[in-house]
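What follows is one structure encoded as structure tokens, with my remarks underneath.
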Amino acid sequence: MDLASIYRAEYGRCVATLARLLGDIHLAEEAVQDAFTTALQKWQTPPPNPGAWIVTTARNRAVDRLRRESTREARHAQALLLLHQQDDPQEVGPVKDDQLRLIFTCCHPALAPDARTALTLRLLGGLEVPEIARAYLIQEATVAQRIVRAKKKIRDAGIPYRVPAEHELPDRLPPVLTVLYLMFNEGYTSTAGPLIDADLCSEAIRLARELAALMPDEPEVLGLLALLLLTEARRPARLDRSGELVLLADQDRSLWNRTLIAEGHDLVRRCLRRNRPGPYQIQAAISAVHTDGAATDWPQVLALYDQLLALAPTPVIALNRAVAVAEVHGPAVALAALEAVELPGYHRLPATRAELLARLGRDAEARTAYDQAMALATNETERAFLQTRRTELTRTRRSS
Amino acid sequence: MKQYLLSVHFVEGAPTPTDEEMQTMFRETDRINDELQAAGAWVFAGGLVSPDSATVVRIENGTTTMSDGPFAETKEHIAGFWIIKCADLDQALAWAEKCAAACGPVEVRPFDDLSQA
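Protein sequence lines correspond, in order, to chains S and B.
Each residue of the first sequence is one higher than the one before, starting from 1 at the first, in UniProt numbering.
Each residue of the second sequence is one higher than the one before, starting from 1 at the first, in UniProt numbering.
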């Protein structure tokens with residue numbers, strides 16, 4: 001294993017542990033980075049437990065640094081506190097719980113939503129600022145500034161470093177789930193660059209697994225994990241050999257990852273037994289229907305979308321529901337259902353309208369809608385897909 | 001323990017509460033004050049007279065000048081505040097929620113480390 005992949009795998013865990021020990025995220029990050037620099041110089045081959053090595057080294061570096069800078073009384077006290085933790089058995093290896101605490105700290109409702117995602121990706125995902133900027137199509141300086149501000153607020157405002165109590169969870173869990181969901185989505189359909197960022201997807205799944213292991217009684221956590229697994233399972237069939245996007249209906253199902261599908265289905269069944277449906281669980285159930293058997297049971301998908309729309313009446317869900325409506329009641333009914341949907345700037349609305357118009361033989365209108373969708377699509381692979389559909393439209397009509 | 005300022009604001013031009021609403025607000029605030037004291041989180045609290053009564057004192061080039069009116073050119077002014085002490089932001093936010101229910105939006109702002117030694 002090379003240092004780069006160790007960094008990717010261990011960074012988040014080490015920062016989380018150091019943040020618990022130091023009570024300061026900024027110091028924790030600096031200490032972990034110092035330790036990785038030391039590792040770069042010292043390791044011929046990585047030790048058997050590289051994470052534990054990094055944590056111990058980082059802690060020692062932090063003690064040194066705090067002693068050097070202990071002009072202020074608080075710093076001195078901090079150094080003493082750390083020294084007295086010398087025999088703390090929890091330091092031997094990074095503790096899962098630390099990461100969960102850090103996720104909740106990063107997703108605290110007192111932080112701005114865009115800062116929460118950036119901070120989670122940086123501290124727990126170990127992503128660098130340029131990577132985050134690329135994923136969200138924003139300036140590196142903006143990302144850096146958001147992260148610095150958020151870390152400063154955590155410290156200055158005294159945002160606690162802990163998993164919220166049971167009664168606080170209904171308020172505190174949703175932003176955490178949203179961050180993991182957004183992180184996965186950005187990996188699955190990147191705003192720019194290559195369509196898929198597999199590392200970002202697996203990092204979101206890893207964090208969702210941690211969350212599910214620590215909160216096995218929260219059905220929405222299981223729902224989110226199931227949704228991510230079932231979506232990830234279809235990834236190998238999403239692009240053809242030439243890198244073109246393949247629609248769900250045309251995908252080679254033998255390429256789907258059966259292990260992930262089995263795990264996802266199992267989680268959906270566990271959710272059903274709980275009978276406390278939420279938006280992530282229903283979306284997972286929809287994915288479960290898609291991945292069950294040789295073809296999609298569209299009436300069942302539509303019934304689930306109706307339930308989802310009642311629970312979370314958002315325009316994106318209304319748009320996705322229209323796709324199911326088209327399969328069950330035909331494109332004309334679906335088109336009518338789309339009339340009330342407003343999603344300015346989102347290419348999938350005109351793209352869906354274009355598909356429906358094409359199926360109705362209204363070619364001229366379909367072409368206009370494809371043009372609108374292409375103008376809005378930010379990802380090259382998606383734009384190429386729309387262009388192909390638009391060209392095919394002309395060709396089929398000519399040959400018929 | 002950290003100290004937090006919980007401030008409530010008065011917005012120029014906003015409809016004035018009725019006498020009855022004011023009475024309820026005062027009653028609720030008293031109740032919260034009692035609760036803060038019982039919990040040991042109370043430091044100080046008070047309501048302020050309208051910003052028209054404010055005076056700004058400045059020293060420019062060694063000369064002291066005074067001007068009538070508030071410092072900030074804004075339509076939102078602090079109308080009253082609590083100073084509380086608690087372990088972390090979550091506790092401060094829990095108090096702020098109670099205060100907001102009684103008096104409208106509440107800004108929570110931590111004191112810096114130096115002023116709470």
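Built from N, CA and C at the ideal position, the CB exists for glycine as well.
Beta-carbon proximity check, residue i vs residue j, cutoff 8 Å
i             : j      : result
A35/S         : V15/S  : no
G12/S         : G126/S : yes
I147/S        : K153/S : no
residue 433/S : L177/S : Since the displayed chain S opens at 1 and closes at 400, residue 433/S lies outside it and no answer follows.
A102/B        : I32/B  : yes
A92/B         : I83/B  : no
P219/S        : R274/S : yes
F184/S        : A212/S : no
I261/S        : L222/S : no
Y305/S        : R321/S : yes
I360/S        : A332/S : The residue you asked about is not Ile; residue 360/S is Leu in the sequence shown. Result yes, Cβ atoms of L360/S and A332/S sit closer than 8 Å.
D271/S        : Q283/S : This sequence places Cys at residue 271/S; Asp is not what is there. Contact: no.
T381/S        : G293/S : no
A334/S        : A354/S : no
P70/B         : A96/B  : no
R118/S        : V143/S : According to the sequence as given, residue 118/S is Ala; it is not Arg. Taking 8 Å as the Cβ cut-off, A118/S and V143/S qualify as a contacting pair.
Y181/S        : L224/S : yes
L366/S        : A358/S : Note that residue 366/S is Ala in the sequence shown, not Leu. Taking 8 Å as the Cβ cut-off, A366/S and A358/S qualify as a contacting pair.
K75/B         : V11/B  : yes
R155/S        : H26/S  : yes
L124/S        : C106/S : yes
R206/S        : V163/S : no
P344/S        : L311/S : no
Proximity to residue i [Cα-Cα], best of the options
i             : options                           : result
A19/S         : F104/S, A208/S, R8/S and A318/S   : F104/S
R149/S        : A213/S, A115/S and R273/S         : A115/S
E48/B         : V8/B, W95/B and K98/B             : Per the sequence shown, the amino acid found at residue 48/B is Leu instead of Glu. Cα-wise, what sits closest to L48/B is V8/B.
E107/B        : G126/S, A118/S, A157/S and Y136/S : A157/S
D371/S        : R276/S, L211/S and Q387/S         : Q387/S
N379/S        : L137/S, E128/S, L247/S and A110/S : L137/S
residue 401/S : C99/B, P105/B, Q23/B and A94/B    : Lying outside 1 to 400, the shown extent of chain S, residue 401/S is not represented and no answer is given.
T17/S         : R8/S, Y7/S and I54/S              : I54/S
A100/B        : V11/B, E28/B and D19/B            : E28/B
A373/S        : L357/S, E392/S and R348/S         : R348/S
A295/S        : S254/S, V129/S, I6/S and R390/S   : S254/S
G264/S        : S5/S, D252/S and A208/S           : A208/S
K151/S        : E168/S, T120/S, A133/S and P130/S : T120/S
R269/S        : A384/S, D250/S, P315/S and V289/S : V289/S
Counted within 10 angstroms of its Cβ, other Cβ atoms place residue i as buried (16 or more) or exposed
i             : result
P175/S        : buried
E342/S        : exposed
K2/B          : buried
residue 450/S : Residue 450/S falls outside the range modelled here, since chain S spans only 1 to 400, and no answer is possible.
P15/B         : exposed
F81/B         : buried
K350/S        : The question names Lys, but residue 350/S in the sequence shown is Pro. With 16 or more Cβ atoms within 10 Å of its Cβ, P350/S is classed as buried.
P170/S        : exposed
L227/S        : buried
V325/S        : buried
R241/S        : exposed
residue 143/B : Only positions 1 to 117 of chain B appear in this structure, which leaves residue 143/B out of reach.
R109/B        : exposed
E210/S        : buried
D30/B         : exposed
C-beta neighbour in chain B for residue i, strict 8 Å
i      : result
D156/S : yes
P160/S : yes
Q90/S  : For Q90/S, the pLDDT reaches just 45, beneath the cut-off of 50, and the residue's location in the model is therefore unreliable, although a value from the coordinates is still provided. So, not an interface residue.
D87/S  : For D87/S, the predicted structure reports a pLDDT of 46, less than 50, and the residue's modelled location is therefore unreliable. A value from the coordinates is still provided. No, because no Cβ of chain B sits closer than 8 Å to the Cβ of D87/S.
Short CB-CB distance (under 8 Å) between residue i and chain S
i      : result
L36/B  : no
L6/B   : no
P110/B : yes
K2/B   : yes
D30/B  : no
L93/B  : yes
D90/B  : yes
P105/B : no
Short CB-CB distance (under 8 Å) between residue i and chain D
i     : result
V43/B : This model lacks chain D altogether, as its protein chains are S and B.
Exercise. According to a CB-to-CB cut-off of less than 7 Å, which residues of the stretch 93-117 of chain S neighbour chain B?
Worked result: So the list reads A110, given in the order they occur along the chain.
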